[in-house]
Structure formats: structure tokens, C-alpha cells
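Visitor: Before anything else, here's the structure in question.
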């Protein structure tokens with residue numbers, strides 16, 4: 009049997025074994041929420057089209073209602089034409105498809121540079137992503153997190169590096185659907201991408217005004233009342249709230265410390281601006297995207313566990329940087345160990361051990377585990393700088409992935425050097 013065939017068989021067996029292991033893990037650890045949030049969306053929209061006020065709807069037996077802006081209701085409106093079974097299938101398929109695409113964009117350049125079989129690298133990454141608690145919570149709740157992440161990723165990882173006239177439009181639409189992605193507009197501003205920033209603001213404003221024109225009563229209700237009613241989203245001290253606000257709320261649930269929270273938010277934003285500008289200056293668009301997603305989770309008043317899918321790009325990039333570091337350097341094991349520890353904690357449901365009792369030092373540290381990971385990624389995710397040839401040295405020609413069938417055939421010393429270009433993801437997803 010040829011060596012290539014043996015390698016393929018070994019990889020297929022490895023993927024099957026990993027998939028079975030992940031399935032067994034999920035059967036024990038995954039909590040089944042029965043598409044709870046999707047039921048809220050479907051119920052609220054059905055109530056709305058039959059004459060009710062969308063923001064008056066509460067899911068039977070719960071205090072939860074529709075919390076998104078009216079433009080989100082417009083985008084989701086076709087859902088009322090679907091039966092509940094079809095709606096859940098559409099939600100599941102859409103989340104899976106966009107997750108595959110985003111993970112492919114982030115993992116494929118690693119596979120190309122390291123000479124890994126690309127389908128095998130993607131299959132392993134997808135199995136690991138399936139075990140990731142925020143991902144499985146997103147799927148189980150029927151949430152929109154990965155759909156929004158995909159829209160923003162299209163914008164920042166595809167259109168922006170390619171200089172597309174559409175750069176910023178995805179961020180604007182995501183902001184009109186759910187307000188928190190608006191931080192990506194600020195990212196475009198602080199990194200000097202003025203045209204994209206104004207496109208994003210125009211898209212967000214246009215979508216919001218369209219919804220206002222079509223649904224004036226719902227828009228008035230959202231912007232004047234529903235938006236400010238924090239009881240609609242849940243208790244701040246609930247252990248699932250893995251934001252800075254949640255940390256402070258768990259210290260004193262009866263008296264959340266608003267001033268302390270604002271101080272922490274400002275410090276976090278200052279660190280984010282500093283690191284994002286450095287990433288932009290280095291041309292590391294993927295790290296800028298990841299840092300902004302992390303910061304969004306930290307500074308939002310409410311960041312449920314399923315919102316932490318925004319940490320997934322940072323974890324993949326941590327592996328990327330670890331693999332790009334010289335094999336004999338101390339950076340490689342440190343970065344790969346950090347990625348492994350962060351991932352293991354984020355699949356472990358460790359915070360739920362402190363759901364009932366988050367007091368004391370152990371409770372404080374354990375109940376906020378995912379916040380500590382977010383802070384570590386914000387401050388420690390490496391920024392890759394393009395390699396600069398020594399002055400007077402002849403430029404080394406890079407062989408494109410297209411020329412070599414997908415994997416860049418570089419002499420080993422130049423693999424690491426050229427990795428600084430990895431995050432300039434162009435229209436075809438190749439390293440350039």
C-alpha cells in the first residue's frame with residue numbers, strides 16, 4: 009500500500025475516533041436547552057404577526073422575551089412561515105455551515121504553512137469546536153451568535169483586507185441586528201479605516217431607519233423602553249454572565265458596583281485600543297478581529313456563556329502562533345500549553361460548580377474562570393509582524409499556495425519568517 013494511502017487511512021481512523029470521543033463527551037456534559045431562545049424568537053414573531061406587540065411577548069412559563077432591535081425582527085420574520093421543526097433544522101444547519109466556513113478560514117492557513125493535510129486539519133478542528141461549551145450552548149439554545157460572528161468575519165477577514173467597497177457593511181448589519189457588534193465600528197475608527205467605519209455606520213443607520221419606517225410602534229417601544237429594561241435579559245449575578253459586570257455583581261449581588269464596573273470597562277477598552285492599533289499596524293487583521301470580539305464579551309453588561317463563541321478565533325490564533333514559533337524556542341510550548349489549558353477549561357463547565365455558591369476566594373476565582381481566560385487572551389494573544397528582509401539581502405520569492413496545489417512549499421527556515429503574512433487573508437483565502 010502506498011504511503012499516501014496509508015496516511016489517509018490513518019487520518020480517517022483518527023477523525024472517526026475523535027468524533028466518537030467527542031460524541032461520548034457531549035452525551036455526558038452537554039446540557040440540552042431544547043432551542044429555548046429560538047422558541048422565544050419564533051413565539052414573539054408569531055405573536056407579532058397576529059397583532060400583538062413584539063416586546064410585550066414573554067415565553068410561557070418564563071420572564072424572557074424578544075430583546076433584539078426591530079431590524080432583527082425584520083430579518084427573522086420569515087421564520088413565522090416555517091413550522092417549529094423546520095425552524096429548528098434551519099437554525100441548526102445555518103449555524104453548522106457558517107461555523108465550518110469561519111473555522112476553515114482560520115485553520116486552513118495553519119495547515120498550509122505546516123504542511124498538514126487540509127481536510128484532516130479542518131475535521132479535527134470541527135470535532136474540537138463541537139465540544140467547546142459556548143458552541144454547543146449556541147446550538148442547543150438556537151442562538152444567533154455564530155451567524156453574527158460569520159457576518160463580521162466576512163467583513164474583517166475578507167472584504168477589509170481586499171479593499172472591497174463593501175468593507176464595513178457586514179459590521180453595520182450585525183450592529184443593527186444586535187447592538188454589541190457595534191464595538192467593531194469603534195475598531196474600524198481607532199485603527200483608521202475611515203471609509204469602512206462610515207460604511208458600517210451607514211449600514212447600521214440605514215437598517216435601523218428601515219425597521220423604524222416599517223414598524224414605528226415596535227421601534228419606539230424598543231428604543232424608549234425595552235432596551236433599558238435589564239430584567240428582560242436575566243440576573244447580572246447569574247454565573248453564566250461571564251463579563252466584567254458579572255464579576256462585580258457576584259461580589260455583591262444586592263448592590264452591583266456601577267462605578268467600579270465603569271473603571272474596569274475603561275481600562276479594558278484602553279488595553280484593547282492599544283493592542284488593536286498594534287495589530288492593525290502589523291497587518292494582523294485576524295488578531296484585530298479576535299481582540300475586538302474578546303473585548304465585546306468583557307465590556308458588555310451581560311455575556312452569557314454562549315456569547316463566548318467570540319473567543320474561538322483567539323484560541324485558534326493562539327495555536328497558529330504556537331505552531332509558527334521556532335520549534336526549539338520556548339514560545340512554542342508556552343503558547344500551545346496556553347491554548348490547551350484555555351480550551352480544556354472552556355469545555356469543562358467549571359463555572360457551573362459555583363452556580364449556587366460563588367462566595368470566598370475559591371468561588372470568586374472559579375465562578376469567573378471564563379472571564380480570566382478572556383482577559384488573558386486580550387493581553388497575551390501574540391501579534392504577528394511581517395518578516396522584513398535584512399537590508400541589502402536579496403528578496404526571497406514565496407511560492408504561492410495555488411502554484412503548489414494548496415500547501416506553500418517553503419524551505420523550513422522561511423516557513424516561520426513568512427508566517428507574519430498569515431493574517432492578511434485575501435479574497436481566495438491564500439497567504440499573501
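Numbering (the numbering used here), first residue to last: 9 to 440. All C-beta atoms, glycine included, are put in the ideal place defined by N, C-alpha and C. On a predicted model such as this, the values are computed, not experimentally measured, just so you know.
Which word fits residue 330, buried or exposed, when buried means at least 16 other C-beta atoms lie within 10 angstroms of its C-beta?
Guide: Taking the first residue of the chain shown as position 1, residue 330 is located at position 322. With at least 16 other beta carbons inside 10 angstroms of its own, residue 330 counts as buried.
Visitor: Can you give the Cα-Cα distance for residue 171 and residue 385, rounded to whole angstroms?
Guide: In the chain shown, residue 171 corresponds to position 163, counting from 1. In the chain shown, residue 385 corresponds to position 377, counting from 1. When rounded, the distance between both Cα atoms is 28 Å.
Visitor: Buried or exposed: where does residue 278 fall if 16 or more other Cβ atoms within 10 Å of its Cβ makes it buried?
Guide: Here residue 278 corresponds to residue number 270 of the chain shown, with the count starting at 1. By the neighbour-count rule (16 or more Cβ atoms within 10 Å), residue 278 is not buried but exposed.
Visitor: Put residue 183 into one of helix, strand or coil per three-state DSSP.
Guide: Taking the chain shown and counting its residues from 1, one reaches residue 183 at position 175. Residue 183 carries a helical assignment under DSSP once its states are collapsed to helix, strand and coil.
Visitor: Suppose contacts are defined by Cβ-Cβ distances below 7 Å. Is residue 135 in contact with residue 34 by that definition?
Guide: Taking the first residue of the chain shown as 1, we reach residue 135 at position 127. Taking the first residue of the chain shown as 1, we reach residue 34 at position 26. It is not a contact, given that the beta carbons lie outside the stated cut-off.
Visitor: Pull up the distance between the alpha-carbon of residue 51 and that of residue 101, whole angstroms please.
Guide: Position 43 of the chain shown, counted from the start, is the residue given in the question as residue 51. Position 93 of the chain shown, counted from the start, is the residue given in the question as residue 101. The straight-line gap from Cα to Cα measures roughly 20 Å.
Visitor: What residue range is occupied by the uninterrupted alpha helix (DSSP H) comprising residue 335?
Guide: Working through the chain shown from its first residue, we reach residue 335 at position 327. Taken as a continuous stretch (DSSP letters only), residue 335 belongs to no alpha helix (DSSP H), as it is neither H nor E.
Visitor: Hey, residue 323 and residue 305 are a contact pair by Cβ (cut 8 Å); roughly how many whole angstroms apart?
Guide: Numbered from its first residue, the chain shown carries residue 323 at position 315. Numbered from its first residue, the chain shown carries residue 305 at position 297. At roughly 13 Å, the Cβ-Cβ gap does not stay under 8 Å, so residue 323 and residue 305 are not in contact.
Visitor: Assuming residue 226 contacts residue 81 (C-beta within less than 8 Å), just tell me the rounded distance between them.
Guide: Reading the chain shown from its first residue, position 218 is the one you call residue 226. Reading the chain shown from its first residue, position 73 is the one you call residue 81. Contact flag correct, Cβ pair sits at about 7 Å.
Visitor: Are the beta-carbon atoms of residue 258 and residue 366 separated by less than 7 Å?
Guide: Taking the first residue of the chain shown as position 1, residue 258 is located at position 250. Taking the first residue of the chain shown as position 1, residue 366 is located at position 358. Contact flag set, yes.
Visitor: If contacts are defined as beta-carbon pairs under 8 Å, then residue 219 and residue 79 qualify, I think. What distance do you get, rounded to the angstrom?
Guide: Position 211 of the chain shown, counted from the start, is the residue given in the question as residue 219. Position 71 of the chain shown, counted from the start, is the residue given in the question as residue 79. Confirmed, Cβ separation roughly 4 Å.
Visitor: Within 10 angstroms of the Cβ of residue 15, are there 16 or more other Cβ atoms? Answer buried if so, exposed if not.
Guide: Indexing the chain shown from 1 puts residue 15 at position 7. The residue is exposed, with fewer than 16 neighbouring Cβ atoms inside 10 Å.
Visitor: Please report the Cβ distance between residue 53 and residue 87, rounded to the nearest whole angstrom; I am assuming they are in contact, meaning their Cβ atoms lie under 8 Å.
Guide: Against the chain shown, residue 53 aligns to sequence position 45. Against the chain shown, residue 87 aligns to sequence position 79. So it is a contact: roughly 6 Å between Cβ atoms.
Visitor: Does the segment 180–195 come close enough to the segment 296–314 to have 3 or more Cβ pairs within less than 8 Å?
Guide: yes
Visitor: Are there 16 or more other CB atoms within 10 angstroms of the CB of residue 143, so buried, or fewer, so exposed?
Guide: Here residue 143 corresponds to residue number 135 of the chain shown, with the count starting at 1. It is buried - the Cβ of residue 143 has at least 16 other Cβ atoms within 10 Å.
Visitor: Might you give, ordered along the chain, the residues of its own chain that have their beta carbon closer than 7 Å to the beta carbon of residue 229, omitting 5 neighbours on each side?
Guide: Walking along the chain shown from the start, residue 229 turns up at place 221. Within the same chain, residue 229 has close Cβ partners 61 and 63.
Visitor: Name the two residues that bound the continuous alpha helix (DSSP H) containing residue 65.
Guide: In the chain shown, the residue the question calls residue 65 occupies position 57. Note, residue 65: premise wrong, no alpha helix (DSSP H); not H, not E.
Visitor: With the cut-off set at 7 Å, would you say residue 167 and residue 175 are in Cβ contact?
Guide: As a position in the chain shown, residue 167 is number 159, starting the count at 1. As a position in the chain shown, residue 175 is number 167, starting the count at 1. Going by C-beta atoms, residue 167 is nearer than 7 Å to residue 175.
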